[in-house]
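*Asks:* The following block contains the structure, expressed as C-alpha coordinates.
Numbering (the numbering used here), first residue to last: 4 to 194.
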(Lines of atoms letter the chains of each structure in order from A; the text may use other names.)
(Lines give C-alpha, C1' and ligand atoms only; values in the text may rest on other atoms or scores of the structure.)
Protein backbone atom coordinates (compact mmCIF):
# COMPACT_ATOMS: atom_id res chain seq x y z
CA UNK A 4 0.00 0.00 0.00
CA UNK A 5 1.36 3.41 -0.93
CA UNK A 6 2.13 5.80 1.94
CA UNK A 7 -0.25 8.46 0.60
CA UNK A 8 -3.22 6.07 0.63
CA UNK A 9 -2.89 5.25 4.32
CA UNK A 10 -5.50 6.88 6.54
CA UNK A 11 -2.95 8.55 8.82
CA UNK A 12 -1.14 10.13 5.88
CA UNK A 13 -4.17 11.81 4.35
CA UNK A 14 -4.51 15.55 4.80
CA UNK A 15 -6.92 16.89 7.34
CA UNK A 16 -10.41 17.36 5.94
CA UNK A 17 -12.87 19.11 8.27
CA UNK A 18 -16.51 18.17 8.34
CA UNK A 19 -18.93 15.63 9.63
CA UNK A 20 -20.48 15.34 13.04
CA UNK A 21 -18.97 14.28 16.30
CA UNK A 22 -18.19 10.57 16.57
CA UNK A 23 -20.00 8.77 19.41
CA UNK A 24 -17.19 8.41 21.97
CA UNK A 25 -16.13 12.06 21.83
CA UNK A 26 -19.76 13.19 21.90
CA UNK A 27 -20.59 10.97 24.89
CA UNK A 28 -17.47 12.08 26.79
CA UNK A 29 -18.37 15.73 26.24
CA UNK A 30 -21.98 15.12 27.30
CA UNK A 31 -20.97 13.15 30.42
CA UNK A 32 -18.37 15.71 31.52
CA UNK A 33 -20.75 18.62 30.89
CA UNK A 34 -23.68 16.96 32.68
CA UNK A 35 -21.58 16.15 35.75
CA UNK A 36 -20.15 19.68 35.78
CA UNK A 37 -23.62 21.24 35.58
CA UNK A 38 -24.97 18.93 38.27
CA UNK A 39 -22.07 19.82 40.59
CA UNK A 40 -22.46 23.52 39.84
CA UNK A 41 -26.25 23.66 40.24
CA UNK A 42 -26.57 21.40 43.29
CA UNK A 43 -23.80 22.25 45.74
CA UNK A 44 -24.35 19.26 48.10
CA UNK A 45 -23.96 16.87 45.17
CA UNK A 46 -20.79 18.72 44.18
CA UNK A 47 -19.34 18.20 47.65
CA UNK A 48 -20.24 14.49 47.60
CA UNK A 49 -18.69 14.07 44.15
CA UNK A 50 -15.51 15.83 45.25
CA UNK A 51 -15.31 13.69 48.39
CA UNK A 52 -15.83 10.34 46.69
CA UNK A 53 -14.72 10.77 43.09
CA UNK A 54 -11.84 13.28 43.04
CA UNK A 55 -8.41 11.64 42.94
CA UNK A 56 -6.93 11.93 46.43
CA UNK A 57 -3.61 10.04 46.45
CA UNK A 58 -3.88 9.26 50.17
CA UNK A 59 -7.33 7.68 49.65
CA UNK A 60 -6.10 5.57 46.74
CA UNK A 61 -3.17 4.20 48.74
CA UNK A 62 -4.58 3.91 52.27
CA UNK A 63 -8.30 3.30 51.63
CA UNK A 64 -7.90 1.52 48.28
CA UNK A 65 -10.23 3.97 46.52
CA UNK A 66 -8.95 2.83 43.14
CA UNK A 67 -12.13 3.95 41.33
CA UNK A 68 -10.87 7.50 41.78
CA UNK A 69 -8.25 6.78 39.09
CA UNK A 70 -11.08 6.82 36.55
CA UNK A 71 -13.73 9.03 38.12
CA UNK A 72 -11.54 12.12 38.59
CA UNK A 73 -11.52 12.49 34.80
CA UNK A 74 -15.17 13.61 34.90
CA UNK A 75 -14.81 16.33 37.55
CA UNK A 76 -13.72 19.88 36.69
CA UNK A 77 -12.92 22.83 38.90
CA UNK A 78 -14.44 25.67 36.94
CA UNK A 79 -15.98 26.82 33.69
CA UNK A 80 -12.70 27.46 31.87
CA UNK A 81 -11.24 24.17 33.10
CA UNK A 82 -14.02 22.14 31.50
CA UNK A 83 -14.29 24.46 28.49
CA UNK A 84 -10.65 24.08 27.43
CA UNK A 85 -10.59 20.33 28.11
CA UNK A 86 -13.76 19.69 26.11
CA UNK A 87 -12.71 22.00 23.26
CA UNK A 88 -9.42 20.15 22.97
CA UNK A 89 -11.26 16.82 23.07
CA UNK A 90 -13.58 18.03 20.33
CA UNK A 91 -10.85 19.52 18.12
CA UNK A 92 -8.38 16.63 18.13
CA UNK A 93 -10.31 13.69 19.58
CA UNK A 94 -12.74 13.73 16.67
CA UNK A 95 -10.07 12.98 14.10
CA UNK A 96 -8.43 10.32 16.22
CA UNK A 97 -11.72 8.52 16.82
CA UNK A 98 -12.56 8.71 13.11
CA UNK A 99 -9.34 6.82 12.34
CA UNK A 100 -9.12 4.46 15.32
CA UNK A 101 -12.78 3.81 15.97
CA UNK A 102 -14.68 4.42 19.19
CA UNK A 103 -13.45 1.41 21.14
CA UNK A 104 -9.75 1.98 20.54
CA UNK A 105 -10.14 5.71 21.12
CA UNK A 106 -11.85 5.17 24.48
CA UNK A 107 -9.23 2.61 25.49
CA UNK A 108 -6.49 5.12 24.75
CA UNK A 109 -8.36 7.98 26.45
CA UNK A 110 -8.79 6.01 29.69
CA UNK A 111 -5.27 4.56 29.45
CA UNK A 112 -3.88 8.11 29.37
CA UNK A 113 -6.27 9.37 32.05
CA UNK A 114 -5.68 6.50 34.47
CA UNK A 115 -1.95 6.62 33.75
CA UNK A 116 -1.92 10.34 34.53
CA UNK A 117 -3.78 9.57 37.75
CA UNK A 118 -1.17 6.98 38.74
CA UNK A 119 1.61 9.49 38.12
CA UNK A 120 -0.30 12.06 40.19
CA UNK A 121 -0.54 9.58 43.07
CA UNK A 122 3.16 8.68 42.89
CA UNK A 123 4.31 12.25 42.34
CA UNK A 124 2.25 13.64 45.20
CA UNK A 125 3.50 10.95 47.55
CA UNK A 126 7.13 11.51 46.59
CA UNK A 127 7.26 15.28 46.16
CA UNK A 128 3.95 16.88 47.06
CA UNK A 129 0.99 16.56 49.36
CA UNK A 130 -0.99 13.29 49.03
CA UNK A 131 -4.05 14.91 50.59
CA UNK A 132 -4.62 17.38 47.72
CA UNK A 133 -7.29 16.16 45.27
CA UNK A 134 -6.74 16.07 41.52
CA UNK A 135 -9.62 16.59 39.09
CA UNK A 136 -10.04 17.02 35.36
CA UNK A 137 -9.47 15.20 32.09
CA UNK A 138 -6.26 17.07 31.27
CA UNK A 139 -4.01 13.99 31.49
CA UNK A 140 -6.14 12.14 28.94
CA UNK A 141 -6.40 15.25 26.75
CA UNK A 142 -2.62 15.75 26.77
CA UNK A 143 -2.19 12.12 25.66
CA UNK A 144 -4.59 12.65 22.78
CA UNK A 145 -2.85 15.89 21.83
CA UNK A 146 0.52 14.14 21.80
CA UNK A 147 -0.70 11.36 19.50
CA UNK A 148 -2.31 13.90 17.16
CA UNK A 149 0.92 15.92 17.09
CA UNK A 150 2.80 12.74 16.08
CA UNK A 151 0.23 11.81 13.42
CA UNK A 152 -0.32 15.32 12.02
CA UNK A 153 2.73 17.37 13.11
CA UNK A 154 2.32 20.08 10.50
CA UNK A 155 -1.39 20.67 11.01
CA UNK A 156 -2.00 24.36 11.63
CA UNK A 157 -4.17 25.27 14.59
CA UNK A 158 -5.21 28.69 15.79
CA UNK A 159 -3.98 29.43 19.30
CA UNK A 160 -5.88 32.57 20.33
CA UNK A 161 -5.17 34.58 17.16
CA UNK A 162 -1.85 32.99 16.23
CA UNK A 163 -1.54 30.12 13.76
CA UNK A 164 0.87 27.48 15.02
CA UNK A 165 1.79 23.96 13.96
CA UNK A 166 0.34 21.29 16.21
CA UNK A 167 3.77 19.82 17.00
CA UNK A 168 5.02 23.17 18.34
CA UNK A 169 1.81 23.76 20.29
CA UNK A 170 2.16 20.39 22.05
CA UNK A 171 5.86 21.06 22.73
CA UNK A 172 4.96 24.40 24.32
CA UNK A 173 2.25 22.78 26.49
CA UNK A 174 4.70 20.07 27.56
CA UNK A 175 7.38 22.63 28.40
CA UNK A 176 4.93 24.68 30.46
CA UNK A 177 3.85 21.57 32.39
CA UNK A 178 7.47 20.48 32.88
CA UNK A 179 8.69 23.83 34.18
CA UNK A 180 5.62 24.11 36.41
CA UNK A 181 6.57 20.89 38.22
CA UNK A 182 8.63 22.83 40.74
CA UNK A 183 5.41 23.67 42.61
CA UNK A 184 3.37 20.47 43.01
CA UNK A 185 1.02 22.17 45.45
CA UNK A 186 -0.04 24.92 43.02
CA UNK A 187 -3.52 23.50 42.51
CA UNK A 188 -2.70 22.38 38.96
CA UNK A 189 -1.57 18.78 38.55
CA UNK A 190 1.27 19.34 36.12
CA UNK A 191 2.60 15.85 36.77
CA UNK A 192 -0.70 14.45 35.44
CA UNK A 193 -0.37 16.68 32.37
CA UNK A 194 3.02 15.16 31.61
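Note that beta-carbon positions come from the ideal geometry of N, C-alpha and C, so glycine has one too.
Taking a contact to mean a Cβ-Cβ separation below 8 Å, would you say residue 140 touches residue 116 in this structure?
*Replies:* Yes, these two residues count as a Cβ contact at 8 Å.
*Asks:* Taking only the alpha-carbon atoms, compute the straight-line gap between residue 21 and residue 62 and give it to the nearest angstrom.
*Replies:* Between residue 21 and residue 62, the C-alpha separation is close to 40 Å.
*Asks:* From residue 151 to residue 122, what does the alpha carbon distance come to, in whole angstroms?
*Replies:* Cα to Cα, the separation comes out at about 30 Å.
*Asks:* Using C-beta distances below 8 Å, list every residue in its chain close to residue 163, excluding the 5 sequence neighbours before and after it, in chain order.
*Replies:* For residue 163, where only same-chain residues beyond five positions count, the Cβ hits under 8 Å are 156, 157.
*Asks:* Go to residue 119, then tell me how far its beta strand (DSSP E) extends in each direction, as first and last residue.
*Replies:* No beta strand (DSSP E) contains residue 119, which is instead part of the alpha helix (DSSP H) from 102 to 127.
*Asks:* If residue 100 and residue 25 are in contact, beta carbons under 8 Å, what's the gap, nearest whole angstrom?
*Replies:* That pair is no contact at about 11 Å.
*Asks:* Spatial neighbours of residue 71 within its chain, please: C-beta separation below 7 Å, excluding the five flanking residues on both sides.
*Replies:* Counting only Cβ-Cβ distances below 7 Å, and skipping sequence neighbours, we find 53.
*Asks:* Pick out whichever of 118, 149, 175 has its Cα sitting closest to the Cα of residue 165.
*Replies:* Here the closest residue by C-alpha is 149.
*Asks:* Which residues does DSSP pair with residue 165 in a beta bridge?
*Replies:* Answer is 156, bridged to residue 165.
*Asks:* On a Cα-Cα basis, can you pick out the residue from 144, 171, 153 that is closest to residue 87?
*Replies:* Comparing Cα-Cα distances from residue 87 to each of 144, 171, 153, the minimum goes to 144.
*Asks:* Which residue or residues does DSSP assign as beta-bridge partners of residue 71?
*Replies:* Paired residues: none, contrary to the question.
*Asks:* Please look up how many angstroms separate the CB atoms of residue 75 and residue 35, rounded, as I've assumed it's under 8 Å.
*Replies:* Contact flag correct, Cβ pair sits at about 7 Å.
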